[in-house]
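Below you'll find the structure, written out as structure tokens, and then a few comments.
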Amino acid sequence: MTFIRKYRAEIAIVLLSLVAHALCFAFVLNANNDNVLDTVRGDDGYFELAQNVIAGNGFSWSQEAPYAPNPLRTPGFVYALAVLIGVAGITGAALIQLVIASAIPIFGMYIARHITKSLKVGYLTGVILAIDPTLALLSFQFYTETLFLLLFLPWTLFTFRYLEKRDLMTLIASAVLLGCAILVKTSAQYIPLLFVPFILWHFRKKEWRQGIAHASVYLLVISVILAPWVIRNINEFGVPGLSAQTPFVLYTNLAPAVLSVAKGSDFLQERDAFMTQEEYRGDAITLVNGGEYKERAFEVVSAHPVETIFVAGKSLVTFFTNDGFYTLLVRGGYNPHEFLPLIIVARLLWVAITLAAFVGALVYLLKQRSQLAILIILLVLYFALTSTIAAFGTNPRYRLPVDPIIIAFAALGGIYLLAHGKRLLETVRAGHNRI
Numbered sequence: 048m049t050f051i052r053k054y055r056a057e058i059a060i061v062l063l064s065l066v067a068h069a070l071c072f073a074f075v076l077n078a079n080n081d082n083v084l085d086t087v088r089g090d091d092g093y094f095e096l097a098q099n100v101i102a103g104n105g106f107s108w109s110q111e112a113p114y115a116p117n118p119l120r121t122p123g124f125v126y127a128l129a130v131l132i133g134v135a136g137i138t139g140a141a142l143i144q145l146v147i148a149s150a151i152p153i154f155g156m157y158i159a160r161h162i163t164k165s166l167k168v169g170y171l172t173g174v175i176l177a178i179d180p181t182l183a184l185l186s187f188q189f190y191t192e193t194l195f196l197l198l199f200l201p202w203t204l205f206t207f208r209y210l211e212k213r214d215l216m217t218l219i220a221s222a223v224l225l226g227c228a229i230l231v232k233t234s235a236q237y238i239p240l241l242f243v244p245f246i247l248w249h250f251r252k253k254e255w256r257q258g259i260a261h262a263s264v265y266l267l268v269i270s271v272i273l274a275p276w277v278i279r280n281i282n283e284f285g286v287p288g289l290s291a292q293t294p295f296v297l298y299t300n301l302a303p304a305v306l307s308v309a310k311g312s313d314f315l316q317e318r319d320a321f322m323t324q325e326e327y328r329g330d331a332i333t334l335v336n337g338g339e340y341k342e343r344a345f346e347v348v349s350a351h352p353v354e355t356i357f358v359a360g361k362s363l364v365t366f367f368t369n370d371g372f373y374t375l376l377v378r379g380g381y382n383p384h385e386f387l388p389l390i391i392v393a394r395l396l397w398v399a400i401t402l403a404a405f406v407g408a409l410v411y412l413l414k415q416r417s418q419l420a421i422l423i424i425l426l427v428l429y430f431a432l433t434s435t436i437a438a439f440g441t442n443p444r445y446r447l448p449v450d451p452i453i454i455a456f457a458a459l460g461g462i463y464l465l466a467h468g469k470r471l472l473e474t475v476r477a478g479h480n481r482i
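Residue numbers (the working numbering): 48 to 482.
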């Protein structure tokens with residue numbers, strides 16, 4: 048009873064999240080005529096990879112021999128999914144993932160609470176994440192987001208603690224979490240380079256040797272975790288690297304998006320004309336030729352700078368304001384246009400959250416003037432900017448790692464704007480009374 052009383056807010060948020068996830072699962076399952084595989088199977092090839100791992104065909108999504116080694120995906124989620132399916136079956140794996148995903152709002156709550164020092168803002172963040180349509184949809188589908196967030200959000204909390212305590216064990220724990228998160232989703236692969244300057248800055252000139260030691264340990268731990276996969280890629284492709292995902296996305300998403308804007312044509316039509324089916328499926332672009340495809344994509348980008356800025360800007364707007372309801376309705380078998388009022392309200396809500404978050408970030412930075420303030424703002428910018436290469440494919444999945452930060456900033460911004468609005472109103476009333 049003492050435990051329940053102490054953690055009643057966390058328990059309530061987990062239960063709310065479980066209910067939201069279960070309802071979403073039933074909603075999408077019904078749209079797929081009770082076919083569990085169609086409900087949970089993603090379109091990124093992770094299920095096919097897991098099936099081949101279980102069958103002993105190696106890390107490949109090929110449907111038949113020869114099973115070509117996959118150059119795009121990293122092993123973190125694939126092997127976790129293979130274990131879950133092997134032990135519990137497809138339905139069991141989806142339900143286990145659904146239940147575990149209910150912990151994500153709790154981590155988000157703690158992050159927001161740490162930033163704002165407010166229990167109420169923390170609870171609000173937890174509730175928003177518990178009923179978030181994108182998190183609910185991804186809670187049971189075989190995408191990387193659930194496992195990635197269960198690693199990345201605790202990394203964020205450990206990083207907060209390290210910046211306060213400068214404790215080596217906390218730093219090592221955060222490095223382990225981030226290394227594993229990178230093996231799940233390579234979009235985080237440059238974050239270690241982003242964080243190392245903060246380690247050095249934290250110790251400053253007087254303790255620079257200790258700062259270098261901590262930074263070295265941090266990079267070493269992450270390198271040890273990533274090394275086996277890099278070695279695998281050297282053996283398979285003869286090139287060191289984690290994945291060919293970046294050149295793949297640049298070539299299959301950004302380049303055709305820029306061309307479609309430049310020519311005023313349909314994106315899908317431009318994409319089909321720009322690349323072969325093998326390139327689009329991800330079977331042609333590897334670590335060996337990734338540089339060539341990257342150059343081709345950059346040729347398109349450099350030839351159309353204005354269109355590239357437009358595409359990147361549209362991607363950034365989508366990153367911050369997409370609410371996820373449109374996708375949920377499509378997956379549920381409904382025409383989103385029939386629910387236009389809901390979509391408009393949800394979109395306007397995220398526009399308001401974004402605008403308030405910009406104000407809140409500025410207020411937080413000016414008031415705190417701390418490493419933490421700069422770091423968390425840079426984290427938001429990092430995920431926002433790296434999402435731009437997805438072009439028209441950008442969606443709320445890209446924002447999930449920093450949603451707790453954005454919501455916390457929005458709360459701070461909202462409080463600031465309301466306080467100043469109230470003062471302004473009082474000033475106007477006082478002036479009117481004097482007249």
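We treat Cβ as the ideally placed atom computed from N, Cα and C, and that holds for glycine.
Problem set entry | Cβ contact check for the stretch 113-130 and the stretch 329-343: 3 or more pairs under 8 Å | yes
Problem set entry | Proximity of THR368 and ASN442 at Cβ, strictly below 9 Å | As a first step, residue 368 is located in the sequence shown; it is residue number 321 there, counting from the start. As a first step, residue 442 is located in the sequence shown; it is residue number 395 there, counting from the start. No. Outside cutoff.
For this session: Kindly list the residues whose CB is nearer than 6 Å to the CB of ALA129, restricted to its own chain and excluding five residues on each side of it in sequence; keep chain order.
Result: The residue given as residue 129 occupies position 82 in the sequence shown. These residues qualify, in order along the chain: ALA97, VAL100, ILE101.
For this session: Below 8 Å on the Cβ atoms is my guess for PRO239 versus ILE269; work out the distance and round it to an integer in Å.
Result: Stepping through the sequence shown from its first residue, residue 239 is reached at position 192. Stepping through the sequence shown from its first residue, residue 269 is reached at position 222. Going by Cβ atoms, the distance from PRO239 to ILE269 rounds to 5 Å, so yes, they are a contact pair.
For this session: Drop a sphere of 10 angstroms on the beta-carbon of PHE50, count the other beta-carbons inside from all chains shown, and report buried for 16 or more, exposed for fewer.
Result: Within the sequence shown, the letter at position 3 stands for residue 50. Per the 10 Å Cβ criterion, exposed.
Exercise. Three or more C-beta pairs closer than 8 Å, one from the stretch 263-281 and one from the stretch 224-243: is that the case here?
Worked result: yes
Problem set entry | Residues of its chain near SER107, where Cβ-Cβ distance is below 8 Å and the 5 sequence neighbours each way are ignored | On the sequence shown, residue 107 is found 60 positions in, with the first residue counted as 1. Excluding positions up to five away in sequence, the list reads LEU96, ASN99, TYR114, ALA115, PRO116, ASN117.
For this session: Rank LEU297, PRO303, LYS361, GLU325 by C-alpha distance to the C-alpha of LEU342 and give the top, closest one.
Result: Position 295 of the sequence shown, counting from 1, holds the residue named residue 342. The sequence as given places Glu at residue 342; Leu does not occur at that position. Taking only the C-alpha atoms, the option nearest GLU342 is LEU297.
Problem set entry | Nearest to GLY92 (by Cα), restricted to the options GLN257, LEU76, ARG52, TYR327 | In the sequence shown, counting from the first residue as 1, residue 92 sits at position 45. The shortest C-alpha separation from GLY92 is found at TYR327.
For this session: Counting only runs of 3+ residues fully inside the stretch 400-478, write out the beta strand (DSSP E) ranges in chain order.
Result: none
Problem set entry | Cβ-based burial, ASN280 [other Cβ within 10 Å; buried from 16] | Here residue 280 is taken as the residue at index 233 of the sequence shown, counted from 1. Label assigned to ASN280: buried.
Exercise. Is the beta carbon of PHE187 less than 9 Å from the beta carbon of VAL75?
Worked result: Taking the sequence shown and counting its residues from 1, the one referred to as residue 187 is at position 140. Taking the sequence shown and counting its residues from 1, the one referred to as residue 75 is at position 28. Going by C-beta atoms, PHE187 is nearer than 9 Å to VAL75.
Exercise. Quick one, are the C-beta atoms of THR172 and PRO152 less than 9 Å apart?
Worked result: Mapped onto the sequence shown, residue 172 falls at position 125. Mapped onto the sequence shown, residue 152 falls at position 105. Yes; because the gap between Cβ atoms is below 9 Å, this pair is in contact.
Exercise. With ILE391 and ILE453 assumed to form a contact (beta carbons below 8 Å), what rounded beta-carbon distance in angstroms separates them?
Worked result: Locating residue 391 in the sequence shown gives position 344, counting from the first residue. Locating residue 453 in the sequence shown gives position 406, counting from the first residue. That belief does not hold up - the Cβ atoms of ILE391 and ILE453 are roughly 21 Å apart, past 8 Å.
Exercise. Which of helix, strand or coil does DSSP assign to GLN257?
Worked result: Stepping through the sequence shown from its first residue, residue 257 is reached at position 210. GLN257 falls in the helix class under three-state DSSP.
For this session: With DSSP as the reference, label LEU289 as helix, strand or coil.
Result: Against the sequence shown, residue 289 aligns to sequence position 242. Here LEU289 sits in coil by DSSP.
Exercise. With distances taken between CB atoms, is the gap from LEU375 to VAL168 smaller than 9 Å?
Worked result: Looking up residue 375 in the sequence shown gives position 328. Looking up residue 168 in the sequence shown gives position 121. The answer is no: Cβ separation not under 9 Å.
For this session: Report yes if the C-beta distance between ARG444 and THR181 is below 9 Å; otherwise report no.
Result: Numbered from its first residue, the sequence shown carries residue 444 at position 397. Numbered from its first residue, the sequence shown carries residue 181 at position 134. Going by C-beta atoms, ARG444 is nearer than 9 Å to THR181.
For this session: Under 7 Å Cβ to Cβ from ALA457, same chain only, skipping five residues before and after it: list those, please.
Result: By one-based count along the sequence shown, residue 457 stands at place 410. The answer, listed in chain order, is ILE400, ALA403, ALA404, GLY407.
Exercise. Any C-beta of chain D sitting closer than 9 Å to the C-beta of VAL475?
Worked result: Absent from the structure is chain D; it holds one protein chain and no more.
Problem set entry | Distance between beta carbons of ALA437 and ASN300, contact taken as under 8 Å | Residue mapping note: residue 300 aligns to position 253 of the sequence shown, counting from 1. Residue mapping note: residue 437 aligns to position 390 of the sequence shown, counting from 1. Contact holds; Cβ gap of about 5 Å.
Exercise. What three-state label does DSSP hand LEU344 in the structure shown?
Worked result: Start at 1 with the first residue of the sequence shown, and residue 344 comes out as number 297. Contrary to the premise, residue 344 reads as Ala rather than Leu in this sequence. Helix, per DSSP.
Problem set entry | Separation of GLY139 from VAL83, as counted between CA atoms | As a working mapping, residue 83 is identified with position 36 in the sequence shown. As a working mapping, residue 139 is identified with position 92 in the sequence shown. Cα-Cα distance, rounded: 10 Å.
Exercise. Which residue comes first and which comes last in the alpha helix (DSSP H) that contains ASP85?
Worked result: Position 38 of the sequence shown holds residue 85. Segment 83-87, the alpha helix (DSSP H) holding ASP85.
Exercise. Per DSSP, what kind of secondary structure is VAL335 in: helix, strand or coil?
Worked result: The count along the sequence shown starts at 1 and reaches residue 335 at position 288. Of the three classes helix, strand and coil, the one that applies to VAL335 here is coil, per DSSP.
Exercise. Exposed or buried, which one is ARG251 when buried takes at least 16 other CB atoms within 10 Å?
Worked result: For the purposes of this step, residue 251 is identified with residue 204 of the sequence shown, where counting begins at 1. Exposed: under 16 other Cβ atoms inside 10 Å.
For this session: Indicate the three-state DSSP secondary structure (helix, strand or coil) for TRP108 in the structure shown.
Result: Start at 1 with the first residue of the sequence shown, and residue 108 comes out as number 61. In the structure shown, TRP108 sits in coil (DSSP, three-state: anything other than H, G, I, E or B).
For this session: Give the DSSP-derived three-state secondary structure of MET322 in the structure shown.
Result: Locating residue 322 in the sequence shown gives position 275, counting from the first residue. DSSP places MET322 in coil when its eight states are reduced to three.
Exercise. At a cut of 8 Å, does the stretch 347-364 reach the stretch 372-388 through at least three beta carbon pairs?
Worked result: no
For this session: Leaving aside the five residues before and after LEU412 along the sequence, list all residues of the same chain whose C-beta is less than 8 Å from its C-beta, in chain order.
Result: The sequence position of residue 412 within the sequence shown is 365, counting from 1. The answer, listed in chain order, is ALA420, ILE421, ILE424.
Exercise. Can you list, in chain order, the residues of its chain whose CB lies under 7 Å from that of VAL347, leaving out five sequence neighbours each side?
Worked result: Here residue 347 corresponds to residue number 300 of the sequence shown, with the count starting at 1. Excluding residues within five positions, the ones whose Cβ falls inside 7 Å are ALA302, VAL305, LEU306.
Problem set entry | Cutoff 8 Å; reference VAL308; Cβ partners in own chain excluding five residues on either side | For this step, residue 308 is matched to residue 261 along the sequence shown. So the qualifying residues of the chain are HIS351, GLU354, PHE357, VAL358.
Exercise. Per DSSP, what kind of secondary structure is VAL351 in: helix, strand or coil?
Worked result: Taking the sequence shown and counting its residues from 1, the one referred to as residue 351 is at position 304. Reading off the sequence, residue 351 comes out as His, not Val. Reduced to three states, the DSSP call for HIS351 is coil.
Exercise. What's the C-alpha gap between TYR190 and ALA69?
Worked result: On the sequence shown, residue 190 is found 143 positions in, with the first residue counted as 1. On the sequence shown, residue 69 is found 22 positions in, with the first residue counted as 1. Distance between the alpha carbons of TYR190 and ALA69 is about 17 Å.
Problem set entry | Cβ separation of PHE242 and LEU204, assumed to be a contact under 8 Å, to the nearest whole Å | One-based indexing of the sequence shown puts residue 242 at position 195. One-based indexing of the sequence shown puts residue 204 at position 157. So it is not a contact: roughly 14 Å between Cβ atoms.
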